[in-house]
Structure formats: C-alpha cells, structure tokens
Amino acid sequence: MKPSIIIYALVFILFSCQRDNEKQFKKDIIGEWTYIRTDDQRKQSKDNTLKPIPPTVFGTHIPGYIFSENNNCENKSGYFKSIDAANREDRKTIFLGNKTSYKIENDSLKILNLVDKTWENQKIYSIIGDTMTVKMGDSLYVKYARAKYKINPEESYDQIIVSSSGCYGTCPIANVSIDKSGKIFYHGKHYNTQNGFFESKITENEYQKIQNNFKKANIQNLEDNYDADWTDDETITITFIKNHKIVKTITDYGRKAPIDLIWAYTPVRFLYQQIKLKPLNTDYGALLSRRQLNFNKGNQICDLGQSESFYLLTEIVKGKKNTQKFEKKYQIELWDDNDKKTTMYTDGRYFLLNDKTIDLGYNFLTQNNLTENFRTKHKYDY
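In structure tokens form, the structure reads like this:
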C-alpha cells in the first residue's frame, strides 16, 4: 500500500474518532453540573515545590452549569459588569444574566462569556456516568458532578423576599418581593441602577422557576444564619411566606451559605434590571428609610430582619385604609431621609402613621409568633 494512502486512511480514522467523540460529548453533557474540585497533577520542580494554581475563568465563584439542547447554556453564577465612577454613589453593578450559549468542537467545550463576548475554552477530558472532567491549564483537571435534586412538588411559597444590606464599599442596598401571581415590589436605596420604590410583574411560570431554584437548595433544612469570619461585607436575607406567615428566614453574611442558595438569590437581587418598573407613590417613605424595623413596647423590643421588614412594608402597602380605633400597643420608630423622627402605632393588625390607619386583615405579630421574640432593650437600641 502506498504511503500516501496509509496517511489518508489514518487521517480519516482520526477524524472519524473525533467526530464520534464530539457527538457523544454533545449527548452526555445535557443536564445540570456542579463543580466538585480541581485535581492538580502537575509535576513538582527540582526544589520540590509547586507554583500556585493559576487563576481560572471562574474567579471566586463556584461554577455550575445547565447544558440544554440547541446550544443553550445557563451559567448559574451569572455574568456581571461593574460601572466605576469618581462619585461613589454612581458606582453600579450590572447583571448581564446567566443565560448564554455553548458549543462543543471535537473535545473542546466553549462557553460564551457575556461580559467580553469571548468563548471560554475548556477541554473535555471525559464524561463518565455522572462525572465530567475538563482540563484547564497545565495538568489541572476540574471535576463536575451531575446535579440530582430531590424537589418536593408539594412545597410551595406564596411570596419570596430578598434583601441586601450593602457593605463598607458600594454593594447594592435593595429589597425585592415577588409573590406567586408574579407581583413585584422593589425598593432600591443605594448603588443600584434604579433607586426608589417600584412595582412590576412577571409571569406565574417565571415565579415558579425562581421558586424552583430556591427549592433546589433544600430550604427547610438550611440553617437560619451563615456567617463569614471577616468584617465589612454585605448581608443577604431571604424570607419565605406561606398563608401570610413567615415560614423561614435565612441570613447569609459574606456568601457563606450553600452555593445552591446563592445561585437562587443572585438573579432575584438583580431582577429589577431585567423588567419594566413602574414608580410607586406611597405615604410611607419613612418606612422605606429604615432597613430594619422593630416593634417597641415599653422597655421591650422585637426585631425584624431586613427581608422581614420589607415583607411587612408590602403588607402595609397592600392593606386597606380604615378608620378603626385600636389600642396603640406597640410603636415602630422611624426616621425619614432628613433624620426627622416619627412613630407608627400598631396593635399588630392596624397600623397608624400620619393620621392614616391601614388594616392588614390579620395580626402580623401573632400570625408570625413574634410576640415570643420580644427582649429587653439595651443601650444600642433606638
């Protein structure tokens, strides 16, 4: 056989193998994948040391992906662009979304980066069962596990609230509430592309997807608090509502919560950038000025978390005006943007502020078992 024929035959066989591998990878990659670990198989140098693992396209995020047919991909960490400015208040974070595209060429997995519109390249080393290994850099093998969530179809929530506290820098300070009908209330205070009080609407199917993302985090088995061991970071609080009752509030300081929860709340934080906002005029501007509300009764005080406070605000906004007289059993002390103090009075059901009474239709304190949470005030309470 002529050498040229042998070469052509070998090239054909190699091409066929690559094509078969590519076809199999395209089939096997469909599904959800979560990062497990990076195996460093680099050889040690003569002085018996290893250089630090070089930075990857992941940055500080734990990567997770959903690969679908038609080259659709969801990067669960999302893509962000920062707007810097000399004026601190003008510094913003723009969420570009988490839906992108991918393609497989031979053994290369390429994912479109929405920030710079480049294709991030990872070499697929293997997909065996529920484990995918990709090679990045020099002998660095990144392993993913196929995600298998056990989601309870009976678990549902009427409303989900996500709040962000801000930080020592320019982290956004905002609150967003979404109910099962798709009704949205959003309040941006600082470092958002839109500040103010707004309402909006998404579809019920979109709400169900948001809820499903939270359910993947196994909400009921999560701890109430997650804390980093450093200072000056932001706190995210998430509250879940069922039948006008707070069934769970989770606080995450410094992104120490399980990654599935972070993946769920991050798009909600920035949802206001993806939808049309309608400004809301309200007589309760002083309520908006306080990130966290508390009920006062003599020397006793009951604190609400930030997301719980915003939930109460949305209930007051939706409440009915009333002229009912009631016992002014509790006080909520407020300060407006000009540091002018005012007081809201309530018995838990009726709320009086600026000579206007709002009826929630139920007692907020007893409904949420908050009467058990009163404590003695200390000198730092106000």
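Going by full-length UniProt numbering, the sequence shown opens with residue 1, and the numbers climb by one from there. Positions of the beta carbon are idealized from the N, C-alpha and C atoms, including for glycine.
Using a Cβ-Cβ cutoff of less than 6 angstroms, which residues in the same chain neighbour residue i once the five nearest sequence positions on both sides are dropped?
i, result
"Tyr226", "Asp252, Lys256, Ala257"
"Leu360", "Glu315, Gly319, Arg349"
"Thr237", "Ser163, Thr251, Gly305, Gln306, Ser307"
"Leu353", "Met344"
"Lys148", "none"
When DSSP labels each residue in this structure, what does residue i get in the three-state scheme?
i, result
"Pro258", "coil"
"Phe214", "helix"
"Leu74", "Residue 74 is actually Glu in this sequence, not Leu. Residue state, collapsed to three classes: strand."
"Pro55", "Summary for Pro55: the model assigns pLDDT 44, below 50, so the residue's position carries little reliability, and this model does not support an answer."
"Thr237", "strand"
"Asp227", "strand"
"Gln317", "The sequence given here places Val at residue 317; Gln does not occur at that position. Here Val317 sits in helix by DSSP."
"Tyr284", "coil"
"Ser108", "strand"
"Asp339", "coil"
"Lys99", "strand"
"Leu352", "strand"
"Asn369", "coil"
"Ile160", "strand"
"Lys148", "coil"
"Phe364", "helix"
"Ile62", "coil"
Would you decide whether residue i is buried or exposed? Buried here means 16 or more other CB atoms lie within 10 Å of its CB.
i, result
"Arg349", "buried"
"Thr235", "buried"
"Tyr311", "buried"
"Pro267", "buried"
"Trp33", "buried"
"Ile30", "exposed"
"Tyr168", "exposed"
"Arg42", "exposed"
"Pro153", "exposed"
Residue i bridges to which residues according to DSSP?
i, result
"Val142", "Thr38, Val134"
"Ile173", "Ser165, His190"
"Tyr68", "The sequence shown places Ser at residue 68, rather than the Tyr named in the question. Ser68 is not bridged to any residue."
"Arg375", "Ile301"
"Pro267", "For Pro267, which the question treats as bridged, DSSP gives no partner whatsoever."
"Asn113", "Thr118"
"Pro279", "Phe198"
"Gly31", "Phe67"
"Tyr79", "Gly97"
Starting from residue i, follow the beta strand (DSSP E) in both directions and report where the run begins and ends.
i, result
"Ala85", "Per DSSP, Ala85 belongs to no beta strand (DSSP E) and is neither H nor E."
"Ser200", "196 to 201"
"Thr251", "245 to 253"
Which residues in the same chain have their Cβ closer than 7 angstroms to the Cβ of residue i, if we skip the five residues on either side of it in sequence?
i, result
"Thr376", "Asn299, Gln300"
"Lys201", "Gly182, Lys183, Ile184"
Less than 8 angstroms between C-beta atoms, sequence neighbours within five positions excluded: which residues of the same chain meet that for residue i?
i, result
"Lys81", "Thr93, Ile94, Leu96, Val115"
"residue 446", "A question about residue 446 goes unanswered here, because the residues of the chain that appear run from 1 up to 382."
"Glu89", "His190, Tyr191"
Taking the alpha helix (DSSP H) that residue i belongs to, which residues open and close that run?
i, result
"Leu293", "Premise fails: Leu293 is in no alpha helix (DSSP H) and is neither H nor E."
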